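Quick note: to get the working numbering, add 5 to the position in the sequence shown (first position is 1).
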Amino acid sequence: MKSILRLVALSFILLLLFLGFSLSVFFVLGTLQDRAHRAFLDKNEEVLTLSRTVSQLNVLSSTMLRSSSTELIPDYRNAMALLDQQIEQVRLIPEVDADLDAILRRLAYFNDYQRILLNDSSLIPFETFTYIRDSVIQHQMAVDELVLGIYRLSSETFSAYENRLGTIEYSFWLLLIASIFMIVLTGTRYARRIGLQIKQIQHAAHRLSERDWATADIPSSGFLELDELATGMNKMKREILLSIQKLHAQAEKEKELGEKLIESEKRDKLLMQAQLSAHRA
């Protein structure tokens, strides 16, 4: 047997849990989307940083070629060391495929080779500056291709991840709507049963107030509070009927007793009349 108060309390608790779960799911989905977007930006920032370093090498090599001076070689070496670190970082990006990794390997080999060429700053011919400048320009073009390739692949990865999150969110929305529909449907069904039972109790109370003691008993509804009320009214009706029956029985007895007294008085009266008639005679 169900208790209405317990059903209401349970429904309220389930509603709070469901809302909490829904908010948690939306929070997790939002967090995952933010992380994916941040990872997408970080990947492209690493590649752009590498591109800026190669551009710096291009500027330095062009300046050294124009001036035929070795004063900028320390700055150039620092940029080369930074480029080595950035190449290793970019290689860790999952979207770097075999073609893009080949560009990074060629860039790393060139960086090692020009480090050898610039090993002795005092013995660097003009042709070396020319070779370095021309090679840097070629690798700048390759790095531009690398930037576009990683951006395209990381965009595809990010888009696919967002699509998966969108599918999960869509499925969750469907589940949420279906759950709400089931809750409303269940609540409506229980409300209809409760309303029907209340109407039956009201009808029975109205009939009893009109002294219609033949009214049928209120059936059980399966709800504790309403069944207790219905049981109480049914019991009250039976006790009233029993009291009425007792009163009727007592009235019948009193009626029979009265009739017997009247009959006895009649006999006594006839007897007295008979005695008087006999005495006169």
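Positions of the beta carbon are idealized from the N, C-alpha and C atoms, including for glycine. Small disclaimer: the values here were computed from a predicted structure and weren't measured.
- Of all C-beta pairs linking the region 128-137 to the region 69-81, three or more are shorter than 8 Å, placing the two stretches in contact.
- By alpha-carbon distance to D106, the top candidate from L122, Q61, V152 is V152.
- Here the region 141-150 makes contact with the region 105-119; the two share three or more CB pairs at distances below 8 Å.
- By the beta-carbon neighbour count (other beta carbons within 10 angstroms, threshold 16), V101 is buried.
- Contact check for N116 against D89 passes: the beta carbons are separated by less than 9 Å.
- Secondary structure note for V141: its alpha helix (DSSP H) is the uninterrupted segment 131-214.
- Between E51 and I98, the CB-CB gap stays under 9 Å.
- When C-alpha distances from E132 are compared across R198, L70, L62, S56, the shortest belongs to L70.
- In the three-state DSSP reduction, P99 falls in the coil class, being neither helix nor strand.
- Residue P130 holds the alpha-carbon nearest to the alpha-carbon of S73 among G192, G237, P130, L46.
- Taking a C-beta distance under 9 Å as the contact criterion, V141 and V33 do not qualify as a contact pair.
- Rounded to whole angstroms, the gap between the alpha carbons of L276 and E257 is 28 Å.
- Assignment of N124 by DSSP, reduced to helix, strand and coil, places it in the coil class.
- If you compare the alpha carbons of L234, L158, L53 with that of A103, the shortest gap goes to L158.
- Under the Cβ criterion (8 Å, minimum of three pairs), the region 168-180 does not count as touching the region 201-211.
- By the neighbour-count criterion, in which 16 or more other beta carbons inside 10 Å mark a residue as buried, F17 falls on the exposed side.
- Per the C-alpha coordinates, the member of R243, E268, R197 positioned closest to A219 is R243.
- In this structure, the straight-line span from the alpha carbon of A14 to that of L21 is close to 11 Å.
- Only exposed fits Q143, as fewer than 16 other CB atoms lie within 10 angstroms of its CB.
- In the structure shown, D117 adopts helical secondary structure according to DSSP, grouped into three states.
- With respect to the 9 Å criterion, A235 and A209 are classified as neighbours on the basis of their beta carbons.
- Between the C-alpha atoms of L46 and A183 there is a straight-line separation of about 37 Å.
- With fewer than 16 other Cβ atoms from the protein chains shown falling within 10 Å of its own Cβ, F26 counts as exposed.
- Straight-line spacing of the CA atoms in A165 and Q94 works out to 23 Å.
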